[in-house]
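In this note's numbering, the protein residues as written are 7 to 802. Here a beta-carbon is modelled for each residue, glycine too, at the ideal position from N, C-alpha and C. Predicted, not measured: the structure shown is a model, and the values here were computed from it.
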Amino acid sequence: MDMNTIESVTVLKDASASALYGAKAAAGVIVITTKPISQGAIRLNYNGTLRLTTPDLSGYHLLSPEQKLRYEDLAGVYTGSDPSEQYRRDLERDAVVRMIRSGVNTDWLSKPLRMGVSHSHSLSAEGGDQFVRYGLTLRYGNEQGVMMQSGRERVSGSFKLSYNKPNRVFVSNNLTVNRVASDEPNYGSFSNFSRMNPYLSPYGSDGELVKSFNGDRVNNPLYEARLGSYNQSQSIDLLNTTALQAWFGAFRLDGDFSFTIRNGSGRRFRSPLSNDFRGDALDQRGEMVENQSKGFNYMGKLMLSYNRTFLEKLYVTSMGGANIESSSSDASTYTSRGFYSDNLGHPNFALGYRSGARPSGTDNYSTAAGFFVNGNAIYDNRYYMDVIFRYEGSSKFGKNQRFAPFWSLGAGWNIHNEKFFKGNRNIQLLKLRASLGYLGNMSFEPYQAYTTYDYNKNINYLIGAGAVPRGIGNPDLKWERTLNQNVGLDLTLFKSRWDLTFDAYRKLTDNLLLDVTKAPSIGVATAKQNVGEVVNSGLEFSTRVVPIQTKDLQWTLSLNYSYNRNKVKKISNALKALNDSYAKDSVLNRSTTPLPLYEEGQSLTALKVVPSAGIDPATGKEIYIKRDGSYTFDYDSNDRIVFGDTSPWAYGTLSSYVFYKGFSLNASFGYSLGAVVYNQTLASRVEGADPQYNADERVLNDRWKQPGDAAKYKDIANRESPYQSSRFVQKEYYFTLRSLSLAYETEATWVKKLHMRRARIELLTNDLFYLSTVKRERGLDYPFARSVELSARLSF
7 MDMNTIESVT VLKDASASAL YGAKAAAGVI VITTKPISQG AIRLNYNGTL RLTTPDLSGY
67 HLLSPEQKLR YEDLAGVYTG SDPSEQYRRD LERDAVVRMI RSGVNTDWLS KPLRMGVSHS
127 HSLSAEGGDQ FVRYGLTLRY GNEQGVMMQS GRERVSGSFK LSYNKPNRVF VSNNLTVNRV
187 ASDEPNYGSF SNFSRMNPYL SPYGSDGELV KSFNGDRVNN PLYEARLGSY NQSQSIDLLN
247 TTALQAWFGA FRLDGDFSFT IRNGSGRRFR SPLSNDFRGD ALDQRGEMVE NQSKGFNYMG
307 KLMLSYNRTF LEKLYVTSMG GANIESSSSD ASTYTSRGFY SDNLGHPNFA LGYRSGARPS
367 GTDNYSTAAG FFVNGNAIYD NRYYMDVIFR YEGSSKFGKN QRFAPFWSLG AGWNIHNEKF
427 FKGNRNIQLL KLRASLGYLG NMSFEPYQAY TTYDYNKNIN YLIGAGAVPR GIGNPDLKWE
487 RTLNQNVGLD LTLFKSRWDL TFDAYRKLTD NLLLDVTKAP SIGVATAKQN VGEVVNSGLE
547 FSTRVVPIQT KDLQWTLSLN YSYNRNKVKK ISNALKALND SYAKDSVLNR STTPLPLYEE
607 GQSLTALKVV PSAGIDPATG KEIYIKRDGS YTFDYDSNDR IVFGDTSPWA YGTLSSYVFY
667 KGFSLNASFG YSLGAVVYNQ TLASRVEGAD PQYNADERVL NDRWKQPGDA AKYKDIANRE
727 SPYQSSRFVQ KEYYFTLRSL SLAYETEATW VKKLHMRRAR IELLTNDLFY LSTVKRERGL
787 DYPFARSVEL SARLSF
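Next comes the structure, spelled out in C-alpha cells:
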C-alpha cells in the first residue's frame, strides 16, 4: 500500500472494538482508512523517492592480521601431536607470517557490500462529480540491497471507481495488481565474510580468485559469488474489493466482498563448480531448486443496521450480519541435479534428480463463516454501552466443535459532558471506559483436526506403497479463545494542547492448542489438543503535548509507553517432555540461543540458564553454582534458574514535530528498558569462537591465558562451545533515533505558475544512531543498514 494514500491508522485492542472483526482480531485490529477520491476536475499527483542505503558495520570489532595470529598461537592451532604433525603446522604458520609481512590485510566485510541506490515513483489521476468518481494509480520501484546482486523490483497498478447517490446508495470497486521480482545475492550469508581471516587474500598470485584455503578446509565466499549461481523469484497478486451501502429510511445495508489471487515462482541454481559439491559424483554436481505456488482467498460480509433516537437523548444503533471466507493454496518444489556447465542453469540441462529425493509440496484449504449482532446505546452523549455477540465457525477445528460463541460488553462515561464540568475551560475531554469479552483465534494449520497420512516408498505391498500416519485427528478440537479485560482513560486538556490515553488490560487465553504426547503404538509422537492456559497483563500509556502554538509555529511532543508480562497457567505433557529433552540434550545446552522452557507459573519469555561464579583463575575453567549454593566445574542443566525476562519493563517511542511556515522537522526515537538478553556474540564469537576463523577482538583481550588471570571468559585454548550460563546474560537498555525528516510544503504563487496546486519536498534518514548497553554484532545473515532518501510530492 502506498503510504501517501493513507488518511488515518487506528489500533483497536479492547474487547468491544476488536470483537466486531471476529477471530482475526485475536491479537488486535489495525484499521487503515484511505483518502477519498477528490471531486472535480482531473487531478494529477506524482510521488518520487530516491534512497541511498549504506551498510552499518559499527557493531563489528574483528581481529587484525597480527592479532589473529596471536590468537591462533595461544589457542594451540600450530601445536602438533607428534614431530611430523608439528613440522606441517610450522610450515602453515610460516606461510601466515609471510602473508602478514607482505602486507595482506583483507577487509572481508566490505567485499560483498555496496551503496544501495533505490528509487520509486507513483503517478495517480483522480476526478469526478458528486455522483461518479474515479482514480487510477501506477507505481514502480527498484530497490537495491546493500549486498551486491540483491534487490527487488515492484510494479503495481490500481483502479478505483465509485458511484454515490447521497442517502440512497454508494458502490465502489478497487482493483489492484502487484508484481514483485526478487534477486538474492550469490554471496550467501554475510557471516561467511565476517569470519574470514584478514591475512588471507581472495586472489592468488595469478590474479585469479582462490577457490579455497587451508587445504580446502575454508571456502572462499568471493569465488562462490562469481559463479553462475542465482536465486530469483517473482510473485503476482491481484486484489479486488467491492463495497456497497444502501439506505432505507432508518435502515442501512452494508456489504463488501474481496478476493485475492496469488501466483509465485522461484528458481535457485547452484553451479557445479561450487565447493558445496566437492567430492560428489559428476552427475550429482550442480543443483536447481524450482518452486511454484498459487493461492486464492475470498471474504464477504453483509450487515444491516438500524439507528433511532428515543426520548430525545437516547441514540440507539443495532446491527446484524454474517461473513464468509475461504482460503486455498498450493505449492510444489522440485530439485534436479547434474549440471555440466556453470552457465547453463536451466532444468533442461539437468541429468536427473538428487539421489533418493522426491518432489515436495503443500496443499491447504480452509473455510470459515460467522454471524453477529451488535447493539450500541448513547444517552445524552454522556453514557454509552456496546454489546456484541458472534457465532463463528471454521473448518480448522474438530467436526464436533466447528462453531463457537464469542461476546463482549463495553461501557463508557463522558465525564466532560456532565453538568458539573460544563464551565471547565481546561478540560475538553475526560472519558472513562471498560470492556470485557471473549475473542477467538483461528491462525492455525488447516488440517490440524484431521487424520492425515503420508506414503512411504520404503513400505511396499502387493498393490503399492504403504501409508503411515502423519497426524491424528481430533473431532473435539475446540477454538482457542481469549478473555480480554480492559479499562481505560482518555483526557484532553488546555484547548487540545495536551492529550493523554491510559489502558490497563488482562488477557486470559484458554483452550490453547498444544501438542500432546501419544503412545508409540499410535504411529505419531504428538497430536493437537486443547490443554494450555496463558495470561497476559500490561499497561499502555500515550501522551501528546503542544508546548508552542502560534500562527506560524507549532511544536508537538509525544510519548508512547508499553509494558507486558505473561504467565503460563497450564501446559501439556508434550511440552513437559520437551523441557526434559532440552535438559538432556548436550548440543542444545551449548547452543548460542537458549530455547524457551515452558513451566506452569513461569513467563513464556523468561530466560533460564545455569548460574555461574565466573572463571577459575587457576585453571581457566568455568565455575557453576548448583541449586544448593555449592560450586562445581560440572555443568548440570537441572541447576537452571530464571535470570529475568526477555520482555522489557518499558518500551515505546518518543517523537518531536516542529512546523514553521511550511517547514516541518520530525524526529522519532525508540527505547527499551530492562530486557534481559543472552549475548550471542559473546557465546559464539568470543568464547565459542573457532580459531580457524576470525573472531571478535574480545577473544584475545578478555579470555584466560595463564594461571592467575582474572578473566571474563574461559581458557583461550579451549575450543568447546560454552554451556548456557549466566555469564552471557546481560540487561539491555537501548535508545535509537529511528527516523529524522525535514520537509517543506507550499502552495505559493511560484508553484501555481508551474500549473501545480501543491509541492512538497522531504529529506528523510533512518536509524541514525543506536545506543545500547549490550555490545554485540548486528546483521549476521544480512548486514544492518542505514538509509537517506529524498522525496518529492507534486499535485497538479
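Excluding the five sequence neighbours on either side, which residues of its own chain have a C-beta within less than 7 Å of the C-beta of residue i, listed in chain order?
i: Y385; result: K319, L320
i: E606; result: V574, K575, K576, I577
i: G714; result: P623
Let's see if you can read the secondary structure: which residues bound the beta strand (DSSP E) around residue i?
i: A101; result: Looking at the DSSP string, A101 is not in any beta strand (DSSP E); the run it does join, the alpha helix (DSSP H), is 89 to 107.
i: R633; result: First-last for R633: undefined, no H or E at that position.
i: A689; result: No beta strand (DSSP E) holds A689; DSSP gives it neither H nor E.
i: V664; result: 656 to 666
i: R596; result: First-last for R596: undefined, no H or E at that position.
i: N423; result: It is not in any beta strand (DSSP E) - N423 carries neither H nor E in the DSSP assignment.
i: N329; result: 320 to 343
i: V615; result: 612 to 615
i: Q273; result: The displayed chain sequence assigns Arg, not Gln, to residue 273. Its beta strand (DSSP E) spans residues 257 to 276.
Which two residues bound the contiguous alpha helix (DSSP H) that contains residue i?
i: S197; result: 197 to 200
i: D79; result: 71 to 80
i: K759; result: 755 to 759
Which residues in the same chain have their Cβ closer than 6 Å to the Cβ of residue i, if we skip the five residues on either side of it in sequence?
i: V551; result: W504, L563
i: T266; result: L245, N303
i: D516; result: E539
i: G151; result: G122, G157
Which residues in the same chain have their Cβ closer than 8 Å to the Cβ of residue i, if we skip the five residues on either side of it in sequence?
i: L519; result: F450, Q454, L483, E486, K534, Q535, N536, G538
i: T4; result: Because residue 4 is not part of the residues shown, which for the chain are 7 to 802, the question remains open.
i: D2; result: Because residue 2 is not part of the residues shown, which for the chain are 7 to 802, the question remains open.
i: W710; result: I621, P623, G626, A717, Y719, K720, D721, I722
So residue i packs on residue j, CB below 8 Å; how close in whole Å?
i: T143; j: S130; result: 4 Å
i: N237; j: R274; result: 4 Å
i: L800; j: Y146; result: About 16 Å separates the two Cβ atoms, so there is no contact after all.
i: Y641; j: V616; result: 6 Å
i: R94; j: G82; result: Rounded, the Cβ-Cβ distance is 14 Å, inconsistent with contact.
Whole angstroms are fine: how far does the CA of residue j sit from the CA of residue i?
i: R185; j: G544; result: 41 Å
i: P208; j: R360; result: 31 Å
i: S690; j: S280; result: 27 Å
i: N203; j: L58; result: 30 Å
i: L796; j: G54; result: 8 Å
i: D282; j: D348; result: 14 Å
i: E230; j: L63; result: 22 Å
i: P71; j: W114; result: 12 Å
i: G668; j: N430; result: 34 Å
i: K166; j: V138; result: 11 Å
i: K428; j: T549; result: 24 Å
i: G376; j: T498; result: 38 Å
i: G141; j: Q290; result: 54 Å
i: Y567; j: I554; result: 23 Å
i: H761; j: G261; result: 40 Å
i: Y346; j: R284; result: 14 Å
i: Y461; j: A473; result: 4 Å
i: Y390; j: L435; result: 15 Å
i: R633; j: R646; result: 8 Å
i: R725; j: E331; result: 55 Å
i: N198; j: G221; result: 18 Å
i: L357; j: M105; result: 43 Å
Going by alpha carbons, who is nearest to residue i out of the options?
i: F263; options: L250, N387, S271; result: L250
i: K74; options: T752, L743, E703; result: E703
i: T314; options: G306, G376, S324, V705; result: Looking at the sequence provided, one finds Arg at residue 314 rather than Thr. The residue with the shortest Cα to Cα distance from R314 is S324.
i: F219; options: M153, E98, F283; result: E98
i: A363; options: V175, N724, A374, Y340; result: Y340
i: K720; options: V493, S618, E546; result: S618
i: E808; options: A754, S441, G234, A337; result: Residue coverage of the chain in this structure runs from 7 to 802, which leaves residue 808 outside it and unanswerable.
i: N148; options: P475, G635, A187, P118; result: A187
i: D773; options: Q240, P61, A440, P353; result: P61
i: F257; options: F316, N173, G194; result: N173
i: R571; options: V322, A681, K557; result: A681
i: L770; options: E726, S674, V735, Q698; result: S674
i: T742; options: F500, F775, H352; result: F775
i: A440; options: Y459, V493, Y397, T458; result: V493
Give a single yes or no on whether residue i has its beta carbon closer than 8 Å to a heavy atom of the ligand FAD.
i: S239; result: For the ligand FAD, the structure offers nothing, since it holds no ligand at all.
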